[in-house]
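Structure, as structure tokens:
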Amino acid sequence: MSAFITNVVLAGVGGDLFSLPKLIRRLTFFQATGNLGPSILEQLLLAGDFTVTVLVRKESPRTFPPGVKTVTVNYDSIDSLTSALSGQDAVVSTLPISAPEKQLLLIEAAAKAGVKRFLPTEFGSHTRNAKVRQLPIFQTKFDAQDLLEKKAKEGTLTYTLVVNGAFFDWGLKINWLVNAKDKHAILYDGGDRKISFSLLSDVGKAVVGVFRHAEETKNKMVFIQSTVQSFKDVYEIAKKLTPGEKWTDEVVMVDDLLTSAWAEINKENPDPEKFAVKFITSAIAGEGYGSLFEKNDNELLGIKELSREEVEEVVKKYL
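Taken in order, the sequence shown gives residues 2 to 320; the numbers are from this note's numbering.
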């Protein structure tokens, strides 16, 4: 199944319907903005299998490619959302984790409207890992998972959780993996820990793959990776590609990041800028957070891992 199923009669428990993935053609794409949304939207359009609708706020000035339908909604109104989702097969949400109530309302509306598959704002760390579950920055994701599991048990909605690790190209673009501007690298816990990374475009391809393999991905968490690297690996590639440039580096311990993040979040008026990135980085770079996937669903979802040369080309683009 996938985004919007066309010409399909729902009979009883929606789950039975998802044995017909080729019938899913209409998809509502919620908040196709930010760093990830456009990549998912692009891959859905390139696939050619879907009619894509984007939900937008009344005041949104954003424009979208030809062929993309937009529907203006009030994200705080379940009636508005339910109306917008009526007749749709699937919803992909890229709402920020700072808007928990909006995603929960979107899930309720999707179930009420008869949507068949919901992909919530996951697209990152392994949120079923025990250590990740202890980090408050991901509470929005935990709450969405709980509600989706409830809806799945009721037979009113199915879900897929897409876990792609850290964003490789975006991490380079914002100078997080290595700081190309200052020629500086931070090596967390020494930088040797291997991590699963994904390109933004591959996350979009994975969403397409989920919809093309609706039955296999129903009510499951799926994993993808474009490459496995350590912070030190990326640092060494960056130095190799910039001969003659002088780089500096520093070791930062993940435990120190966590201590600082917890101290801030426990204040009476915590500043998200002082704890959010530290918690997220800890889940990616820390030991025991499941950031190196034991297995993945690349083959099922149509993801091809990058060669060494391709990895270097990606790094080179942002130096």
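Using N, Cα and C, we set each Cβ at its ideal position, and we do this for glycine too.
Item                                                                                                                 : Value
Rounded straight-line distance, which links the Cα of N267 to that of A286                                           : 22 Å
Nearest-angstrom beta carbon gap, K142 and T128 [assumed within contact, 8 Å]                                        : 5 Å
Touching by the beta-carbon criterion (3+ pairs, under 8 Å), the segment 247-260 and the segment 153-167             : no
Any 3 or more C-beta pairs closer than 8 Å across the segment 311-319 and the segment 207-220                        : no
The segment 220-239 touching the segment 95-112, judged by at least three CB pairs closer than 8 Å                   : no
Bridge-paired residues (DSSP) for A277                                                                               : None, per the DSSP bridge assignment.
Cβ pair V164, A239 closer than 7 Å                                                                                   : no
Bridge partner(s) assigned by DSSP for V252                                                                          : L188
Close Cβ partners of P121 (< 8 Å) along its chain, the five nearest in sequence each way excluded                    : S94, Q104, I108, K142, A145, Q146, L149, Y160, L162
Whole-angstrom distance between K59 and D170, CA atom to CA atom                                                     : 31 Å
Q44, DSSP secondary structure in three states                                                                        : helix
Integer-rounded CB distance, given that D77 should sit under 8 Å from V116                                           : Contact flag wrong, Cβ pair sits at about 19 Å.
Residues of its chain near G68, where Cβ-Cβ distance is below 8 Å and the 5 sequence neighbours each way are ignored : L46, V53
Whole-angstrom C-beta distance between S197 and L293, which should lie under 8 Å                                     : 6 Å
Own chain partners of T243 with C-beta closer than 7 Å, once the 5 adjacent residues on each side are dropped        : L320
Rounded separation between N130 and K305 - CA only                                                                   : 25 Å
Which listed residue (G49, T64, D50) has its alpha carbon closest to that of P39                                     : T64
Beta-carbon gap between K174 and S231 smaller than 7 Å                                                               : no
Residue of V208, A85, Y236 minimising C-alpha distance to L188                                                       : Y236
V72 - partner residues in DSSP beta bridges                                                                          : L56
Cα-Cα separation, V92 to L82                                                                                         : 11 Å
L302 versus G245: straight-line alpha-carbon distance, rounded                                                       : 41 Å
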